[in-house]
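**Q** Dropping a structure here in structure tokens format, bear with me for questions.
Number of protein chains: 2
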Amino acid sequence: MECNGTMVGTRRRPWAEAMQLIMRALCMLCSLVAISFMLTAKESTSLNIYGFILPLHSKWSFSQSYQYLVGVSAAVAAHSLLQLLIGTSRFLKMSSVIPSRNHAWLIFAGDQAFAYALMSAGSAASGVTNLNHTGIRHTALPNFCKPLHKFCDHVAISIAFTFTSCFLLATSAVQGVIWLSQH
Amino acid sequence: MECNGTMVGTRRRPWAEAMQLIMRALCMLCSLVAISFMLTAKESTSLNIYGFILPLHSKWSFSQSYQYLVGVSAAVAAHSLLQLLIGTSRFLKMSSVIPSRNHAWLIFAGDQAFAYALMSAGSAASGVTNLNHTGIRHTALPNFCKPLHKFCDHVAISIAFTFTSCFLLATSAVQGVIWLSQH
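Here it is, written out as structure tokens:
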């Protein structure tokens, strides 16, 4: 407000800023792990149902929810990498990681939007996975995860890392709000 | 920071505060509509698959994702009602809707958490619904939404209102950040 202009950039807290950069790096790492586990989720087997054999091919790209998860995680990894590079270069130049209020709003908006997107992707994927685990109760179908346990494990790990990444981004967004409320 | 104390409660903007209350009311309404459409999603029919008849009973409570959506929407409706009542009573007493920075942080945290929860519930439910629409591509199963179109319509409307409610809460959260950054 009236008292902002002079305060921007005056108080540097290197530890807090280093923490932010570490969180960005962790977030990028989690997204990349989520992508790699999802991309390797593939298994083929067959299922004996009502006495005749159904072939089961499971691959991540068969489900739109899993495709969505990979897309969102890739976008988050790119966003985190960009912020990490900008932040690190500013940090090494000994200038404040967040140069202005407008920049802080931009980072907050990005973090917030990507955190929502990750939450959405993780939930959509785990909704589908949950269905795989319990079988579909509309009809008398069996549990798909018993014959396809490797596939299901990969998907579950990928979803876990997606939620971790979402949590890290949400924390970044809250840090942005704290910054905005203090400057 | 240093110049906050005196600014809290000095500038009232009745139109902005009235807008906030209207958004709370809308959010509550959307959540209630989402709950009511989901609770009435029920249909029974039968499906001719591979030449023999499969009975299909679909009800919202068969899917954990739909149960989760109802639970989260109910919590959001309660949160919105509470905030609406507190806000309206403060508004009518001609005092500021947000009395202090701590209160603003509390509202922001609540809005943020519930917005994430709604995003998660909506996405989980639409992941499952999407599966219903396209059939499950792991196996050669047909599209469940053709015989069960009334059920699928109810679920789709419920999910749409859940996302609307999420959008309204996210907007409330951003308004909270604007308030925090200005006071």
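Protein chains in written order, with my numbering: chain V, 112 to 294; chain X, 112 to 294.
Where is the CB? At the ideal position from N, CA and C, for every residue including glycine.
All values reported here derive from a predicted model rather than from experimental measurement.
Out of V/I268, V/S207 and V/L280, point me to the one whose CA is closest to V/S237's CA.
**A** Comparing Cα positions, the closest option is V/I268.
**Q** Once you ignore the five residues that flank V/R248 on each side, which residues in its own chain have a CB closer than 6 Å to its CB?
**A** Confidence at V/R248 is low in this model, with a pLDDT of 48, below 50, so its placement is unreliable and no value can be given for it.
**Q** Return the chain-ordered list of same chain residues with a C-beta closer than 8 Å to the C-beta of X/A136, the five sequence neighbours on each side being excluded.
**A** S191 and L195, listed in sequence order.
**Q** Relative to the C-alpha of V/L132, which residue among V/V183, V/A145 and V/T199 is closest?
**A** Answer by Cα proximity: V/T199.
**Q** Start and end of the alpha helix (DSSP H) containing X/K257?
**A** Element bounds for X/K257: n/a, residue is neither H nor E.
**Q** Under 8 Å, Cβ to Cβ, is there at least one residue of chain V near X/S176?
**A** Yes, because at least one Cβ of chain V sits closer than 8 Å to the Cβ of X/S176.
**Q** Is the number of C-beta pairs between the region 269-286 of chain V and the region 256-272 of chain X that are closer than 8 Å three or more?
**A** The region 269-286 of chain V is not in contact with the region 256-272 of chain X.
**Q** What residues of chain V sit near X/S237, judged by a beta carbon separation below 7 Å?
**A** Under the 7 Å cutoff, chain V gives A235.
**Q** Run through the DSSP bridge pairs and tell me what V/H168 is partnered with.
**A** Its beta-bridge partners are V/S155.
**Q** In chain order, what residues of the same chain lie with their CB nearer than 8 Å to the CB of V/G116, ignoring the 5 residues before and after it?
**A** Residue confidence for V/G116 is low, a pLDDT of 41 falling below 50, so the modelled location carries little weight; the figure read from the coordinates is stated next. No residues qualify anywhere along the chain.
**Q** On the DSSP letters alone, give me the boundaries of the alpha helix (DSSP H) that X/F202 sits inside.
**A** Where X/F202 is concerned, the enclosing alpha helix (DSSP H) stretches over Q175 to L203.
**Q** In angstroms with no decimal places, state the Cα-to-Cα distance between X/R124 and X/V288.
**A** If I take the Cα positions, the gap works out to 16 Å.
**Q** List, in order along the chain, the chain X residues whose C-beta lies closer than 7 Å to that of V/M134?
**A** Chain X residues near V/M134: none, gap ~17 Å exceeds 7 Å.
**Q** Using a Cβ-Cβ distance cut-off of 8 Å, determine whether X/M230 contacts chain V.
**A** Closer than 8 Å: yes.
**Q** Closer than 8 Å by C-beta to X/A228: which residues in its own chain qualify, once you throw out the five before and the five after it? Chain order, please.
**A** For X/A228, where only same-chain residues beyond five positions count, the Cβ hits under 8 Å are V183, A186 and V187.
**Q** Starting from X/S292, find everything on chain V with Cβ-Cβ shorter than 7 Å and list it in chain order.
**A** The contacting residues are L291 and S292.
**Q** Three Cβ pairs or more, each shorter than 8 Å: is that satisfied between the region 136-149 of chain X and the region 172-183 of chain X?
**A** With the cut-off at 8 Å, the region 136-149 of chain X and the region 172-183 of chain X touch.
**Q** Output, in chain order, the set of chain V residues within a Cβ distance shorter than 7 Å of X/V187.
**A** Neighbours of X/V187 on chain V: none; closest Cβ ~15 Å, over 7 Å.
**Q** Can you tell me which of X/S157, X/F202 and X/L279 puts its alpha carbon nearest to the alpha carbon of X/M230?
**A** When only C-alpha atoms are compared, the closest one is X/L279.
**Q** Going by alpha carbons, who is nearest to X/P166 out of X/S157, X/S172 and X/F173?
**A** Answer by Cα proximity: X/S157.
**Q** Do the CB positions of X/A284 and X/A226 come within less than 8 Å of each other?
**A** For X/A284 and X/A226, yes; Cβs fall inside 8 Å.
**Q** Got a sec: is the Cβ-Cβ distance from V/V266 to anything in chain X below 8 Å?
**A** Chain X, which has no Cβ nearer than 8 Å to the Cβ of V/V266, makes this no.
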